[in-house]
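For reference, the structure discussed in these notes is given below.
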Amino acid sequence: MKRQHRLEIKVHDMRQGDQNVSEDAVASTVVFDRVESSHLPDNGPRNDINTTAPDIFLLGEEDLREVADRYRIYAARIIVEFFPALDFLADLLPKHIPHEYSELMKQKSNIITMPVLMKDEKKYADCVDVMDTMEDWIHDIYTKAKNLAFPAPAPPPAQIYAPARPDQPASHSPPVPDLVDPLCGVRVPCIGDQLTRIRFAGAKDLRAGAHTSKDRLDHLYPFRIAGWHTKRSFLKVTLLISLIMVTNVLQKFNQWQI
4 MKRQHRLEIK
14 VHDMRQGDQN
24 VSEDAVASTV
34 VFDRVESSHL
44 PDNGPRNDIN
54 TTAPDIFLLG
64 EEDLREVADR
74 YRIYAARIIV
84 EFFPALDFLA
94 DLLPKHIPHE
104 YSELMKQKSN
114 IITMPVLMKD
124 EKKYADCVDV
134 MDTMEDWIHD
144 IYTKAKNLAF
154 PAPAPPPAQI
164 YAPARPDQPA
174 SHSPPVPDLV
184 DPLCGVRVPC
194 IGDQLTRIRF
204 AGAKDLRAGA
214 HTSKDRLDHL
224 YPFRIAGWHT
234 KRSFLKVTLL
244 ISLIMVTNVL
254 QKFNQWQI
């Protein structure tokens with residue numbers, strides 16, 4: 004996972020040769036999945052979207068009942084936290100909501116923080132440098148783990164005929180296996196915001212004509228969006244609506260007092 008950060012360095016007294024400076028940095032972390040996924044195919048879609056029944060995407064009656072039960076648990080946690088008189092009920096609430104992966108979710112996440120790179124992802128040249136560094140990290144990790152060997156050739160990947168952008172078709176398609184690549188078949192997903200996905204995809208297209216898999220950045224695939232900004236906007240709107248509702252209730256309460 005990758006995040007872009009901006010540091011504002013302000014001077015005490017601004018002069019012609021002493022101005023405020025904005026420094027951009029790229030911070031990345033390696034996050035390991037707690038749910039095993041090595042048995043899943045990665046050479047193309049599992050189903051044809053045109054023939055897939057929509058029921059698997061929609062909530063059924065049982066799903067809606069589970070959602071309602073979880074909302075009750077969330078509401079009870081909030082009530083117990085903010086109403087001290089009811090804190091004796093805390094022991095009755097489940098610490099982990101039961102689901103298919105309950106036991107796995109109880110485990111601690113394995114997250115490794117990587118070095119911060121002083122690069123600006125708005126510039127394609129910096130994005131290429133960042134991805135080059137990530138490729139070096141991948142080769143270094145596999146070399147130290149003694150996994151840098153010649154694995155069995157992966158089957159030719161299925162072409163994805165629905166690129167996110169017409170001008171970036173190659174970067175969103177599975178890379179073709181290179182039999183002379185020591186890391187043939189190794190793919191590390193890159194997750195970030197919308198800007199990260201677009202910039203990384205464009206930077207990878209700039210290297211499409213390189214001679215080796217490492218130079219083509221083939222081991223960095225796929226590029227996925229994490230809805231950080233969407234969640235933040237949702238929480239902001241939700242908080243605003245809650246404040247408006249509380250304000251209305253207080254105004255009515257004051258009217259009753261009068």
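Just so you know, we're using our numbering here: the sequence shown kicks off at 4 and counts up by one. We put the CB at the ideal spot given by N, CA and C, even for glycine. Quick caveat, the model's predicted, so the values are computed rather than measured.
In the DSSP assignment, Tyr145 falls within the alpha helix (DSSP H) that extends over 127–147. The continuous beta strand (DSSP E) containing Phe226 extends over residues 223–228.
A direct Cα-Cα distance of roughly 57 Å separates Pro178 from Asn251.
Ranking Ser245, Asn50, Asp36 by CA distance to the CA of Ile115 puts Asp36 first.
The shortest C-alpha to C-alpha distance from Asp135 to any of Ser31, Thr215, Leu220, Ala30 is the one to Leu220. Here the C-alpha atom of Lys98 lies approximately 36 Å from the C-alpha atom of Leu198. By the beta-carbon neighbour count (other beta carbons within 10 angstroms, threshold 16), Asp184 is buried. The three-state reading of DSSP puts Thr54 in coil, since its state is none of H, G, I, E or B. DSSP places Asp66 inside the alpha helix (DSSP H), whose first and last residues are 64–85. Leu182 and Asn23 have their C-alpha atoms spaced approximately 51 Å apart. According to the DSSP assignment, Gly205 belongs to the alpha helix (DSSP H) that extends over 197–209.
For Glu39, there is no enclosing beta strand (DSSP E), as DSSP marks it with neither H nor E.
DSSP places Ser31 inside the beta strand (DSSP E), whose first and last residues are 24–34. At least 7 Å separates the beta-carbon of Asp196 from that of Trp140. With a threshold of 16 other beta carbon atoms within 10 Å, Glu124 meets it and is buried.
Straight-line measurement puts the Cα of Ala213 at about 44 Å from the Cα of Leu61. Judged by beta-carbon spacing, Leu96 lies within the 7 Å limit of Ala79, meaning their Cβ atoms are closer than that value.
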